[in-house]
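Peer 1: My structure is below; once you've seen it, I'll send some questions.
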Amino acid sequence: MYINGEWLTTGGTFSVANPATGEIIGEVADGDQNHAKLAIGAAVAAFKGWSTTTAYARAEVLHKAYALMLERKQALAELMTREQGKPLKAALNEVQYAADFLRWFAEEAKRVYGETIPSARADQRFMVRYQAIGVVAAITPWNYPISMITRKVAPALASGCTIVLKPAEATPLCAIAVFEILHEAGAPAGVINLVTARDPVPIGKEFCAHSEVKKLTFTGSTAVGQQLAQGAAAQLKRVSMELGGHAPFIVFDDADPVHAAKGASLVKFLNTGQACISPNRIFVQRGILDSFVTTFSDRVAKMKVGNGLAEGTSIGPLINQAAVKKISRQVEDAVSKGAVLHNGGTRLADGDYSAGHFFAPTLLSNVNEDMLIYREETFGPVAAIIPFDDYDQVIEMANDTHYGLAAYVYTQNLSRAMRAFEALNFGIIGINDINPTSAAAPFGGMNQSGLGREGAREGLADYLETKLGGFSI
Ligand code: NAD
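Numbering (our numbering), first residue to last: 20 to 492.
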């Protein structure tokens, strides 16, 4: 753990395993509620000094961290592949994405402008300033184990907040590597604190209960987000919630089916389907259904499953056996209710796969709303294709979910693209585009996919409090 500028160990530790091989790759300090208290105390003590340094000084730390992260890109990516499983090329992309947040928020730190507002009274002046909220508690998931950290830590530091982070228990080594960078970049003692723990519950409780934590920022499942938001509500703490998704991917019949199938297969199997913006329901208009399915299936057949460090691997392992079970259940349920299985459909457990958590990339067509996969987040390498007939029908089907994170639309018709963009109840919409994300663009969901946005100007505003001054002159 890293508390008040120092690395700490505890009596207890927990092991971190490589999901591709089962090999234990590290032992990490097992923190508890007292460590969370200690870390919050350090963040409280550091807040006054950090929030009153200049934005230029805070930006300098983030710029240095950006440079260090890029210097260590290869080593960080290899660590991520060993700890989380994604293929090395995807890990390299994630490290770049993570570093982008450090640079973007270093730049934005200097642009926290206030406002003056004309008053109706001749003797009055209004001034608005934005200031750091205070101590922030953050909880991050394992699926993007470096970028989900910088997406929170960078705006916290840029705004003048201090922070305590609890990373996912599956990927604490990546978190430790990020904190080594922030330490070397010159973050003062107490400004950033890391509490690793096997059991997240007591830490989450302390984050909610401690009166000096002013904001709770969480990325993870909707169920846990709801629980934490309820806990934070007792003291009306600010919350940012980046939660689950169930993205529709809509392909209209004027789209090029080959191009659309290529896009859908790339984004579906990104990170072995373990992405919050992963398409969970692929709606294809009947006129191009056959050519879409054929192209998609050919692409799935060529995917190579294996250890992410091996050359040519396109699909890594799942994070654990619970994930393998959940996916098997969704596939069995769909097939038993009439879905057509084109590729995969089973766990891979022989030979090199035997010690890891592997599932064959799977393509199902003829999926319908009676199947579990139509409603439940899959978070694995299963693509589900659903046919549709017309525009109104597909928009209604796409919006028929309590999630609202990402959606995708493929069409060559500009007016249809614009209408769909406006009608879909999702926070992020890719139009003929499978990567609508960037440090400069607001990321976040509607409905039960979350509250608030990360990245972009909005991502900094979420760490700032608005203060109005009314001056009688
Ligand atoms: P999860 O909710 O189980 O865990 C996320 C984090 O919360 C981990 O650090 C975990 O230790 C912690 N946690 C779990 N239970 C807790 C509790 N009771 N109190 C406090 N902390 C607790 O989710 P996961 O399986 O790690 O991640 C996958 C989920 O995250 C998916 O639903 C995915 O869609 C979502 N996600 C969302 C985004 C986004 O930006 N919207 C990004 C990545 C992942």
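Quick reminder that beta carbons are idealized off the backbone N, C-alpha and C, glycines included.
Note that this is a predicted model, so its numbers are computed, not measured.
At what residues does the beta strand (DSSP E) containing V131 begin and finish?
Peer 2: First-last for V131: undefined, no H or E at that position.
Peer 1: Measuring CB to CB, does A173 end up less than 9 Å from F226?
Peer 2: In this structure, F226 does not lie closer than 9 Å to A173 by Cβ.
Peer 1: Cβ of A253 versus every heavy atom of ligand 1: is any distance shorter than 8 Å?
Peer 2: Because no heavy atom of ligand 1 lies under 8 Å away, the Cβ of A253 does not count as near it: no.
Peer 1: Is V243 buried or exposed, if buried means 16 or more other CB atoms sit within 10 Å of its CB?
Peer 2: Classification for V243: buried.
Peer 1: Use the C-beta contact count for A368: other C-beta atoms within 10 angstroms, 16 or more gives buried, fewer gives exposed.
Peer 2: Result: exposed.
Peer 1: Per DSSP, A280 forms a beta bridge with which residues?
Peer 2: A280 pairs with nothing; no bridge assigned.
Peer 1: Is the Cβ-Cβ distance between A425 and I448 less than 9 Å?
Peer 2: Taking 9 Å as the Cβ cut-off, A425 and I448 qualify as a contacting pair.
Peer 1: Please look up how many angstroms separate the CB atoms of F124 and L479, rounded, as I've assumed it's under 8 Å.
Peer 2: Yes, F124 and L479 are in contact; Cβ-Cβ is about 7 Å, under 8 Å.
Peer 1: Grab me the residues of I211's own chain with a C-beta within less than 6 Å of its C-beta, minus the 5 sequence neighbours each way, in chain order.
Peer 2: Counting only Cβ-Cβ distances below 6 Å, and skipping sequence neighbours, we find I182 and L201.
Peer 1: For the alpha helix (DSSP H) that F567 lies in, which residues bound it at each end?
Peer 2: In the structure displayed, the chain extends from 20 to 492; residue 567 sits before or after that span and is not available.
Peer 1: Is the segment 274-282 in contact with the segment 382-401, if contact means three or more CB pairs nearer than 8 Å?
Peer 2: Result no; under three Cβ-Cβ pairs closer than 8 Å.
Peer 1: Quick check on H229: does DSSP put it in helix, strand or coil?
Peer 2: It is coil, neither helix nor strand.
Peer 1: Scan the segment 189-267 and note each continuous alpha helix (DSSP H) run of 4 residues or more that stays entirely inside, going in chain order.
Peer 2: Complete alpha helix (DSSP H) runs here, min 4: 191-203, 219-228 and 241-252.
Peer 1: With DSSP as the reference, please indicate the residues paired to S491 in a beta bridge.
Peer 2: Its beta-bridge partners are Q143.
Peer 1: Spell out a yes or no on whether the segment 260-275 and the segment 465-482 are touching, meaning 3 or more CB-CB pairs, one atom from each, closer than 8 Å.
Peer 2: At 8 Å Cβ cutoff, the stretches touch.
Peer 1: Looking at C-alpha atoms only, which residue of V131, V114 and F33 is the closest neighbour of Y75?
Peer 2: When each option's Cα is compared against that of Y75, the closest is V131.
Peer 1: Leaving out the 5 sequence neighbours to the left and right, which residues in its chain are closer than 7 Å to Q349 when beta-carbon positions are compared?
Peer 2: Cβ within range, chain order: L391, I392, E395, T397 and V401.
Peer 1: Compute the beta-carbon to beta-carbon distance between A109 and N290, rounded to the nearest angstrom, for a pair I have assumed lies under 8 Å.
Peer 2: Contact flag correct, Cβ pair sits at about 6 Å.
Peer 1: Per DSSP, what are the beta-bridge partners of Q304 in this structure?
Peer 2: In the DSSP output, where bridge partners are listed per residue, Q304 has F407.
Peer 1: What distance in whole Å lies between the Cβ atoms of T32 and Q103, which are believed to be in contact at a cut-off of 8 Å?
Peer 2: No, Q103 and T32 are not in contact; Cβ-Cβ is about 20 Å, not under 8 Å.
Peer 1: Keeping to the same chain, check which residues put their C-beta closer than 7 Å to that of G209; ignore five residues upstream and five downstream.
Peer 2: The answer, listed in chain order, is N23, G24, A61, A62, A64, A65 and T181.
Peer 1: Give me whichever residues DSSP pairs with R366 in a beta bridge.
Peer 2: DSSP, once it has assigned bridges, lists F378 as partnering R366.
Peer 1: Straight-line CA distance for A274 to P221?
Peer 2: One C-alpha to the other measures close to 50 Å.
Peer 1: Name the two residues that bound the continuous alpha helix (DSSP H) containing V350.
Peer 2: Start and end: Q340 to S355.
Peer 1: Per DSSP, what kind of secondary structure is K67 in: helix, strand or coil?
Peer 2: The answer is helix: DSSP assigns K67 an H, G or I state.
Peer 1: Quick check: does the Cβ of C295 come within less than 8 Å of any heavy atom belonging to ligand 1?
Peer 2: Result yes, Cβ under 8 Å from ligand 1.
Peer 1: Buried or exposed for F490, please, with buried defined as at least 16 other CB atoms from any protein chain shown within 10 angstroms of its CB.
Peer 2: Label assigned to F490: exposed.
Peer 1: Under a Cβ-count criterion, where at least 16 other Cβ atoms within 10 Å of its own Cβ denotes burial, should S384 be classed as buried or exposed?
Peer 2: With 16 or more other Cβ atoms within 10 Å, it is buried.
Peer 1: Can you tell which of G423, A353, Q293 and R122 has its C-alpha closest to the C-alpha of P106?
Peer 2: Of the candidates G423, A353, Q293 and R122, the one whose C-alpha sits nearest the C-alpha of P106 is Q293.
Peer 1: From what residue to what residue does the alpha helix (DSSP H) around I448 run?
Peer 2: Unbroken run through I448 is the beta strand (DSSP E), I447 to I450; no alpha helix (DSSP H).
Peer 1: Let me know if P137 comes out buried or exposed under the rule of 16 or more other beta-carbons within 10 Å of its beta-carbon.
Peer 2: Exposed: under 16 other Cβ atoms inside 10 Å.
Peer 1: Would you decide whether L487 is buried or exposed? Buried here means 16 or more other CB atoms lie within 10 Å of its CB.
Peer 2: Flag for L487 reads exposed.
Peer 1: Could you give the DSSP three-state label for G60: helix, strand or coil?
Peer 2: Of the three classes helix, strand and coil, the one that applies to G60 here is helix, per DSSP.
Peer 1: Can the beta-carbon of L69 be found closer than 9 Å to that of A151?
Peer 2: Reading off the sequence shown, one finds Trp at residue 69, where the question assumed Leu. Yes; because the gap between Cβ atoms is below 9 Å, this pair is in contact.
Peer 1: Take H229 as the anchor and find which of V47, G250 and T215 has the nearest alpha-carbon.
Peer 2: Of V47, G250 and T215, the residue nearest in Cα terms is G250.
Peer 1: Jot down the residue ranges of each uninterrupted beta strand (DSSP E) in the segment 439-488, minimum 3 residues, whole runs only, in chain order.
Peer 2: Segments of the beta strand (DSSP E) lying fully in the segment 439-488: 447-450.
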